[in-house]
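First to last, the protein sequences are chains Y and E. Residue numbers for the first sequence, in our numbering: 1 to 218. Residue numbers for the second sequence, in our numbering: 1 to 347. In this text, a Cβ means the ideal position worked out from N, Cα and C, and glycines have one as well.
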Amino acid sequence: MSDPIREQISAFLDGELPDTETELLLKRLTRDAELRESFGRYALIGEACRGTRGSVLTRDLYVRINRAIDGESPAVIPQIAAVSRPASWWRPMAGAAVAAGVAVVAVVALRQHVAVAPTLAASQNPVPAASAVTFVPAPALANANVAAPSLNPNEPVSYTTPATLAEAPLAMPAARLTNYVFAHSKYPSLLGQRDVLTDLMVGSEDQTVPPVATDKSP
Amino acid sequence: MIPGVVRRSAWLLPGAVVGALLFAIPHPATAADDDPRAWLQRMNQALATRNYDGMFMHVSDGRIETMRIVHRVQAGRVTERLTSMDGSGREFIRSNDELTCYLPDKKTVLVEQTQERGPFLGTLPQFGAGVNEFYQIESLPNTRVLGRSARVISVTPKDQFRFGYRLWLDEKTAMPLKTQLCDARGNVLEQIVFARLETPDTIPDAELAPSVHTEGMRWVRLSPREALPVDSAGFRASELPPGFRLTVTGAQMLGGASLPATHLVYSDGLATVSVFVEAGTDAKGPDDKVDAAQAPMQGLARVGSGFVFSTVVQGHQVTAVGEVPAQTVEFIAHSVKPSAGSESTRR
């Protein structure tokens, strides 16, 4: 990615890019998958520096959805319907329409995954990296009384800095974790639900499942 | 009401309803206009009740996705359309209680009846008085975003059991032009930034119609199911991080499971953590091999901007999930015990 583009994206995220340039940047990003990928790498710089890439459910989920939909058979649909709808009293507040729909898709994917690959689920073989989520030992419990520093809008911050994870991972089937995440995503959130939603809106141009990270923190 | 079910408290009323009520109340220009909490309420109200049409970028986990949102409220009917601008052509359209997901790349349309009224863009909970004890909510100096004067609101956690937000709200409409989820050190975990946002008085039907041609696509319609009974005397968190309390108790059939899981929801008024408790099952498949999908688990995972921590308590799988720091899900999961006793809050 060229420096001018990087500067444009940086300025955009800082709210400092003029409207005319914003429009141009947006058009370019929507047209140019390579540029988006480049931006993704750019945003990952902070993570790479810290060696903190943790588990990534999202792409794996995305692939699962696609696989499931591809192989869906009518016979499976009633079974899906039987498990896809939370009870009405579970209904959350604002924002949950997305989660509900996302949950449906997730259940479609997961149920279908079970239906079409029973031998995988019953196998003694280790869960493949592509279908597993990294588990790591939790960091020590922080002191609850420690006051966090104030967020200073004048300080430069990385665009997306994930929390630090460390040590040896354990494998957990992504399908199982996905169920928990989607069940939880019915609850109010300003951004978290969109993390899930975004993955379902993403196109099929990238079906690569990222490797499960085993990096250690510095 | 289902026996054993604890209804959500008043601040969990659907945002649209609350928003509509607030919308009906005139807001004279008073000192209260500078109250950041009032601004957050106005934002919720704007997201639920305004017409808007915009394009935004969602930056998370090292990725950027561009989407268009169109939201219309007309004669009490809410219709909204979310479209991926990055190539898939996928669209989600919600019209009151029906959500339709168009997946042209998979030649599939999913339709679900919903009862929610919440906007695609989500909202923050209606802050209860207790939120002030655990978050510092303040106005920061105004700035300009998208060429508009923006009110900057900071929601800073007072400890490391929760995340914070920074929001840039359009001074004129209270729409969130930019939203960031931050950790306790101020690092941005995730953000939404609008590149274009209009709030027209009217939005024509054509802007809310799917652009996807559905000929030859498979339609999957999903209908509601009955509520599951709740194990009201089951597991509960015996100790909680400051400010968290049980807000929902329920049961849910998770995919691939043969028994419903107890679903407990703990909230501090802003952050929410779900706890799932599943009865121990025989993790062996029909051929006596270990079923990886049901095997006991213990450990921590990061998912998006949140964390999942799973452990085994007296033969039950206990899993805590939330957009909170790792130590919060771990703390809560570790405190879950097979007792119906009330929780104590850590001080």
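Starting from the beta carbon of residue i, find every residue of chain E whose beta carbon is closer than 9 Å, and list them in chain order.
i: Y:Ala183; result: Gln252, Leu254, Ala261, His263, Ser274, Phe276, Val321
i: Y:Leu24; result: Neighbours of Y:Leu24 on chain E: none; closest Cβ ~10 Å, over 9 Å.
Please report the residue range of the beta strand (DSSP E) in which residue i lies.
i: E:Thr156; result: 148-157
i: E:Val368; result: This structure gives no information on residue 368 of chain E, because the portion of chain E shown stretches from 1 to 347.
i: E:Val109; result: 108-113
i: E:Phe244; result: Here E:Phe244 belongs to no beta strand (DSSP E), and DSSP marks it neither H nor E.
i: E:Glu65; result: 63-74
i: E:Gln348; result: Nothing in the structure corresponds to residue 348 of chain E, since chain E is present only between 1 and 347.
i: E:Asn142; result: 135-145
i: E:Gly170; result: A small correction: the amino acid at residue 170 of chain E is Asp; Gly does not occupy that position in the sequence shown. Segment 164-170, the beta strand (DSSP E) holding E:Asp170.
i: E:His213; result: Unbroken run through E:His213: none, as it is neither H nor E.
i: E:Ala301; result: 299-303
i: E:Gln191; result: 188-198
i: E:Phe92; result: 91-95
How should residue i be labelled, buried or exposed, when 16 other C-beta atoms within 10 angstroms of its C-beta is the threshold for buried?
i: E:Pro141; result: exposed
i: E:Pro104; result: buried
i: E:Ser339; result: exposed
i: Y:Asn179; result: buried
i: E:Phe331; result: buried
i: Y:Glu16; result: exposed
i: Y:Thr20; result: exposed
i: E:Trp39; result: buried
i: E:Ser211; result: exposed
i: Y:Gly95; result: Confidence is the limiting factor: at Y:Gly95 the pLDDT is only 31, short of 50, which leaves the residue's position unreliable and the question unanswerable from this model.
i: E:Thr202; result: exposed
i: Y:Glu34; result: exposed
i: E:Arg302; result: buried
i: E:Gln314; result: exposed
i: Y:Pro4; result: exposed
i: E:Gly89; result: buried
i: E:Glu133; result: exposed
i: E:Glu112; result: buried
i: E:His213; result: exposed
i: E:Leu121; result: buried
i: Y:Thr58; result: With a pLDDT of only 33 at Y:Thr58, under the threshold of 50, the placement of this residue in the model should not be trusted, and no figure is reported.
i: E:Ser335; result: buried
i: E:Arg34; result: The displayed chain sequence assigns Asp, not Arg, to residue 34 of chain E. So E:Asp34 ends up on the exposed side.
i: E:Lys158; result: buried
i: E:Pro204; result: exposed
i: E:Ser258; result: exposed
Do residue i and residue j have their CB atoms nearer than 8 Å?
i: E:Val324; j: E:Ala261; result: no
i: E:Met85; j: E:Met67; result: yes
i: E:Ile153; j: E:Leu169; result: yes
i: E:Tyr52; j: E:Glu198; result: yes
i: E:Leu181; j: E:Ser305; result: yes
i: E:Ala320; j: E:Val273; result: yes
i: E:Lys107; j: E:Gly216; result: yes
i: E:Leu208; j: E:Arg81; result: yes
i: E:Asp268; j: E:Gly243; result: yes
i: E:Ala184; j: E:Ala46; result: no
i: E:Ser275; j: E:Phe307; result: Looking at the sequence shown, residue 275 of chain E is not Ser but Val. The answer is no: Cβ separation not under 8 Å.
i: E:Ile137; j: E:Arg37; result: yes
i: Y:Pro9; j: Y:Leu26; result: In the sequence on display, residue 9 of chain Y carries Ile and not Pro. Against a cut-off of 8 Å, the Cβ pair of Y:Leu26 and Y:Ile9 comes out as no contact.
i: E:Ile69; j: E:Gly54; result: yes
i: E:Val352; j: E:Glu190; result: For chain E, the structure presents residues 1 to 347; residue 352 of chain E sits outside this window and is missing.
Could you tell me which chain Y residues have their CB closer than 7 Å to the CB of residue i, listed as they occur along the chain?
i: E:Met375; result: Lying before the first or after the last residue shown, residue 375 of chain E is absent from chain E, which here runs from 1 to 347.
i: E:Val131; result: What E:Val131 touches in chain Y: nothing, since even the nearest Cβ is about 13 Å away.
i: E:Ala209; result: In chain order: nothing, as chain Y lies at least about 18 Å away.
Given that residue i touches chain E, what residues does it touch there, using C-beta distances under 8 Å?
i: Y:Asp19; result: Leu146, Gly147
Counting along the chain, where does the alpha helix (DSSP H) carrying residue i start and finish?
i: Y:Lys27; result: 19-31
i: E:Asn44; result: 36-49
i: E:Gln314; result: Where E:Gln314 is concerned, there is no enclosing alpha helix (DSSP H), given that its DSSP letter is neither H nor E.
i: Y:Glu7; result: 3-13
Name the residues in the stretch 183-204 of chain E whose C-beta lies less than 8 Å from a C-beta of chain Y; which are they?
Listed in sequence order: Asp183, Ala184, Arg185, Gly186, Asn187, Val188, Leu189, Glu190, Gln191, Ile192, Val193, Ala195, Arg196.
Chain Y contacts made by the stretch 43-69 of chain E, where a contact means CB separation under 8 Å:
The stretch 43-69 of chain E vs chain Y, Cβ under 8 Å: Asn44, Leu47, Ala48, Met55, Met57, His58, Val59, Ser60, Asp61, Gly62, Arg63, Ile64, Glu65, Thr66, Met67.
Just by C-beta distance, which residues in the stretch 297-316 of chain E are closer than 8 Å to chain Y?
If the cut-off is 8 Å between Cβ atoms, the stretch 297-316 of chain E has Met297, Gln298, Gly299, Leu300, Ala301, Arg302, Val303, Gly304, Ser305, Gly306, Phe307, Val308, Phe309, Ser310 near chain Y.
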